[in-house]
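Comments concern the structure below.
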Amino acid sequence: MRDAGNRQAWFARPCVTGCCWPLFVWASRRRGWPSFTPATIGRLCHRPALSGDLYQRGFLSKPGGGSYNQGVVWMVLSACLPAGPALIHSLWARIEQGIWAVQGIRWQDLMWLFLVWLCVERGIAAAAEPPPPAGPLARYVAQPDASYAWQVRRRGQVSRSEYVELTLHSQTWRDIAWKHQLFLVKPSTMPATASHAMLCIVGGSWKDEYAQPAAADERLPDDATLFANLAETLKTPVAVLLQVPHQPIFDGQFEDQAISYTFEQFLKTGDPQWPLLLPMVKSAVRGMDATEEFCGQEWSLSLKSFTVTGASKRGWTTWLTAAVDRRVTALAPMVIDVLNMSPQMEHQRRAWGKLSYKISDYSDRNLIAQLESPAGKALRSIVDPYSYRQRLKQPKLIIIGTNDHYWPLDALNLYWQDLQGPKYILYVPNNRHGLKDLGRVFGSLRALHRHAVDGQPLPQLTWKLEPDARGVQLELRSDIRPDQVQAWVATSPTRDFREARFRSVTLQRTGDAYRYQRPRPAEGYLALFGEALYNGDAVPSFFSTNVEIVAAQQDASQTP
Numbered sequence: 001m002r003d004a005g006n007r008q009a010w011f012a013r014p015c016v017t018g019c020c021w022p023l024f025v026w027a028s029r030r031r032g033w034p035s036f037t038p039a040t041i042g043r044l045c046h047r048p049a050l051s052g053d054l055y056q057r058g059f060l061s062k063p064g065g066g067s068y069n070q071g072v073v074w075m076v077l078s079a080c081l082p083a084g085p086a087l088i089h090s091l092w093a094r095i096e097q098g099i100w101a102v103q104g105i106r107w108q109d110l111m112w113l114f115l116v117w118l119c120v121e122r123g124i125a126a127a128a129e130p131p132p133p134a135g136p137l138a139r140y141v142a143q144p145d146a147s148y149a150w151q152v153r154r155r156g157q158v159s160r161s162e163y164v165e166l167t168l169h170s171q172t173w174r175d176i177a178w179k180h181q182l183f184l185v186k187p188s189t190m191p192a193t194a195s196h197a198m199l200c201i202v203g204g205s206w207k208d209e210y211a212q213p214a215a216a217d218e219r220l221p222d223d224a225t226l227f228a229n230l231a232e233t234l235k236t237p238v239a240v241l242l243q244v245p246h247q248p249i250f251d252g253q254f255e256d257q258a259i260s261y262t263f264e265q266f267l268k269t270g271d272p273q274w275p276l277l278l279p280m281v282k283s284a285v286r287g288m289d290a291t292e293e294f295c296g297q298e299w300s301l302s303l304k305s306f307t308v309t310g311a312s313k314r315g316w317t318t319w320l321t322a323a324v325d326r327r328v329t330a331l332a333p334m335v336i337d338v339l340n341m342s343p344q345m346e347h348q349r350r351a352w353g354k355l356s357y358k359i360s361d362y363s364d365r366n367l368i369a370q371l372e373s374p375a376g377k378a379l380r381s382i383v384d385p386y387s388y389r390q391r392l393k394q395p396k397l398i399i400i401g402t403n404d405h406y407w408p409l410d411a412l413n414l415y416w417q418d419l420q421g422p423k424y425i426l427y428v429p430n431n432r433h434g435l436k437d438l439g440r441v442f443g444s445l446r447a448l449h450r451h452a453v454d455g456q457p458l459p460q461l462t463w464k465l466e467p468d469a470r471g472v473q474l475e476l477r478s479d480i481r482p483d484q485v486q487a488w489v490a491t492s493p494t495r496d497f498r499e500a501r502f503r504s505v506t507l508q509r510t511g512d513a514y515r516y517q518r519p520r521p522a523e524g525y526l527a528l529f530g531e532a533l534y535n536g537d538a539v540p541s542f543f544s545t546n547v548e549i550v551a552a553q554q555d556a557s558q559t560p
């Protein structure tokens, strides 16, 4: 498995850092070197990518020559410490450019540079990275499966893009062969050194005819043009993996019906390989494997990382795939607002008076009532993305429809503060579980993807959204000035906003922030969130605050 690690290194690296860093600071002062701080070194070796990865992707400069015995140092560092040369490249480039007025660099000086690298790459980096994944999900994904295979089914052109359809056999799970259509889309314009792709996880039903050669008049999937346009916009390969999960399955079951059946079997047997999310995640991992292999063989691309996205059950799969495969460097789960599952169920009852009819496949099997049992807790530890939050430190964009019938409007508030790493929200106003405002979605998805590919900065939004006796106040700031900021507001006679209509109010900048105050409604409930629009890229991107819901009367029991 690609996310394996050396357990001993996790203990050794922080110890090395603790010893070497004070020594380096003392030596650099004696030699008159510039002042080094962890922040300075962090900027030179920007996380989350390792310095070696940055060098390969062209973010760090190669040395332009010199007579400092660099060949020997390069040989030693390259042979012993694979990520080391990249930091030396960066430091050397700065010396040559005259940014640091350092004279008389000697062999001993280069050894101190080595200590810089040692502290950063083997200390600070190690502390920032999660331990290797463990547990039933990681073990199942890592388990070898000789049935994995793929073959080309057809090729062609869609819009300006080239596409290839692969028939993917991702695994054999419980004696069932999991097969999928995997479409790879190559845009007309793309860097020859592209190393990052997007994986879109999609549903659909498998038909045996998909394993046969395609007929000349066989149509592409309805959204093929949509994904081709996405590839052209991103200028990177887009992989579209269908039939996740492989279905129908277990006597004709689909989607939540099939997932809930496997949860029931887990609770009965305790077999950790029963939950259907395990093979769903492995499908995504094998989809990335096949994409890497085909693109390397036929398009001469060396893919190393992915932005992964999917909606509903595929959004669920997106979260879990990012938890077990380090190639996922950005994720955009859509319309799966149920992390921290057990509190979410109680929240539904408080907000709506009962559980959503959309999750009846789970409640009808009495699964919700068992979430707090020992077996239920074991199930949640496997399938609830909240259980993996310590690992999910990649940049993430959570995309939610404000009128989704599956989840209460403010369900995000039960897990948002606990998520780690860069995190962004996109509430799509007046959209249900099946998102229709694709322009808003794809613009923000593109911004996340470009951040993962090129390091293009994403705005750092900070906000206060606080209720008081009079109403609710919004205060929003952004390090990149937005082209527009709006407050979106809706009212409802109850806390059920599934049929509510959101309306926007454009905000003006006052000082360094955008502020808005809304009084409590005369009756019922009011919901409010902020949104910032940025036009700096080829297409506009949108990012939101969380949602605050307030009652007509300030009553803590009414506004959980």
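Residue 1 is where the sequence shown starts when you use my numbering, and the numbers rise one by one after that.
Beta carbons are placed, not taken as given, at the ideal position from N, Cα and C, and that holds for glycine.
Handout entry: Three-state class that DSSP yields for K313 in the structure shown
Key = Helix, per DSSP.
Problem - Rounded separation between A330 and A522 - CA only - result: Note on geometry: alpha-carbon atoms of A330 and A522 lie some 43 Å from one another.
Exercise for the section: Report the rounded CA-to-CA distance for S78 versus S381, giving the unit in angstroms. Expected result: Because S78 sits at a pLDDT of 38, beneath the cut-off of 50, its placement in the model cannot be relied upon, and the following sentence gives the value as read from the coordinates. S78 and S381 have their alpha carbons spaced roughly 40 Å apart.
Exercise for the section: Kindly give me the distance between the Cβ atoms of A258 and P245, rounded to whole angstroms, as I take these residues to be in contact under 8 Å. Expected result: Confirmed, Cβ separation roughly 6 Å.
Exercise for the section: Alpha carbon to alpha carbon, how far is L448 from Q335? Give it in angstroms, no decimals. Expected result: Going by the sequence as given, residue 335 is Val instead of Gln. Between V335 and L448, the C-alpha separation is close to 17 Å.
Handout entry: Where T545 falls, given that 16 or more other Cβ within 10 Å makes a residue buried
Key = Burial call: buried.
Exercise for the section: Decide if the region 432-439 is in contact with the region 457-474; the criterion is three or more beta carbon pairs, one per stretch, under 8 Å apart. Expected result: No, the region 432-439 does not touch the region 457-474.
Problem - Segment contact flag, the region 281-299 with the region 217-227, C-beta cutoff 8 Å, min 3 pairs - result: Flag = no, the region 281-299 and the region 217-227 do not touch.
Problem - Assigned secondary structure, G530 (DSSP; H/G/I helix, E/B strand, else coil) - result: In the three-state scheme derived from DSSP, where H, G and I count as helix and E and B as strand, G530 is classed as strand.
Exercise for the section: Pull up the DSSP beta-bridge partners for V453, would you. Expected result: DSSP lists no partner for V453.
Problem - Length of the line joining the Cα atoms of P272 and L507 - result: Distance between the alpha carbons of P272 and L507 is about 51 Å.
Practice task
May I ask you to list the residues that DSSP assigns as paired with V141?
Solution key: For V141, which the question treats as bridged, DSSP gives no partner whatsoever.
Problem - Cβ contact check for the region 416-424 and the region 387-403: 3 or more pairs under 8 Å - result: Yes, they touch.
Exercise for the section: Write down the C-beta distance between L414 and N340 rounded to the nearest angstrom, noting that I regard them as a contact closer than 8 Å. Expected result: In this structure, L414 and N340 form a Cβ contact; the two beta carbons are roughly 5 Å apart against a cut-off of 8 Å.
Exercise for the section: Could you tell me whether the region 194-213 touches the region 304-319, using the rule of 3 or more Cβ pairs below 8 Å? Expected result: Because the criterion of three Cβ pairs below 8 Å is met, the region 194-213 and the region 304-319 touch.
Practice task
Return the residue from the list W206, K423, Y362, R518 that minimises the CA-CA distance to A490.
Solution key: Per the Cα distances, R518.
Practice task
Kindly give me the distance between the Cβ atoms of S147 and A177, rounded to whole angstroms, as I take these residues to be in contact under 8 Å.
Solution key: Between S147 and A177, the beta carbon gap of about 7 Å places them in contact (Cβ cut-off 8 Å).
Handout entry: Given 8 Å, three or more beta-carbon pairs between the region 366-376 and the region 394-407
Key = Touching, no, given that fewer than three Cβ pairs across the two stretches are closer than 8 Å.
Practice task
Kindly list the residues whose CB is nearer than 6 Å to the CB of L242, restricted to its own chain and excluding five residues on each side of it in sequence; keep chain order.
Solution key: In chain order, H180, Q181, V202, G204 place their CB closer than 6 Å to the CB of L242, counting only its own chain and leaving out the 5 sequence neighbours on each side.
Problem - Own chain partners of Q157 with C-beta closer than 8 Å, once the 5 adjacent residues on each side are dropped - result: Apart from the 5 residues on each side of it in sequence, Q157 sits with its Cβ closer than 8 Å to the Cβ of Y163 in its chain, given in chain order.
Practice task
In the DSSP assignment, find the alpha helix (DSSP H) that holds T402 and state where it starts and stops.
Solution key: Premise fails: T402 is in no alpha helix (DSSP H) and is neither H nor E.
Exercise for the section: Would you mind sorting G530 into buried or exposed? The rule is 16 or more other CB atoms within 10 Å of its CB. Expected result: Label assigned to G530: buried.
Practice task
Compare the C-alpha of G135 against each of I425, F502, P385, R446 and name the closest.
Solution key: The candidate whose alpha carbon is nearest that of G135 is P385.
Problem - First and last residue of the uninterrupted alpha helix (DSSP H) at V363 - result: It is worth fixing the name first, because residue 363 is Ser in this sequence and not Val. 360-363 is the extent of the alpha helix (DSSP H) around S363.
Problem - Whole-angstrom C-beta distance between S541 and R446, which should lie under 8 Å - result: At roughly 7 Å, the Cβ-Cβ gap stays under 8 Å, so R446 and S541 are in contact.
Problem - Secondary structure of W178, DSSP reduced to three states - result: Strand.
Exercise for the section: Could you name the residues of the same chain whose beta carbon sits closer than 6 Å to that of Y514, not counting the 5 residues immediately before and after it, in chain order? Expected result: Excluding the 5 residues flanking it on each side, Y514 has same chain C-beta neighbours closer than 6 Å at L476, V485, L507, in chain order.
Exercise for the section: Starting from the C-beta of E426, find all residues in its chain whose C-beta is less than 8 Å away, skip the five residues before and the five after it, and write them out in chain order. Expected result: Reading the sequence as shown, one finds Leu at residue 426 and not Glu. Cβ neighbours of L426 beyond the five flanking positions: L397, I398, I399, I400, R440, V441, S444, F542, F543, S544.
Handout entry: Inter-residue spacing [alpha-carbon to alpha-carbon] between Q212 and Q143
Key = Their Cα atoms are separated by approximately 28 Å.
Problem - Own chain, CB closer than 8 Å to Q151, minus 5 neighbours either side, in chain order - result: Result list for Q151: L166, T167, in chain order.
Exercise for the section: Kindly give me the distance between the Cβ atoms of A214 and R154, rounded to whole angstroms, as I take these residues to be in contact under 8 Å. Expected result: With a contact defined as Cβ atoms closer than 8 Å, A214 and R154 qualify at about 4 Å.
Problem - Beta-bridge pairing of V485 - partner residues as DSSP gives them - result: Partner(s): A532.
Exercise for the section: Buried or exposed for G548, please, with buried defined as at least 16 other CB atoms from any protein chain shown within 10 angstroms of its CB. Expected result: One point to set straight first is that residue 548 is Glu, not Gly, in the sequence displayed. Under the 10 Å beta carbon count, E548 is surrounded by 16 or more other beta carbons and is classified as buried.
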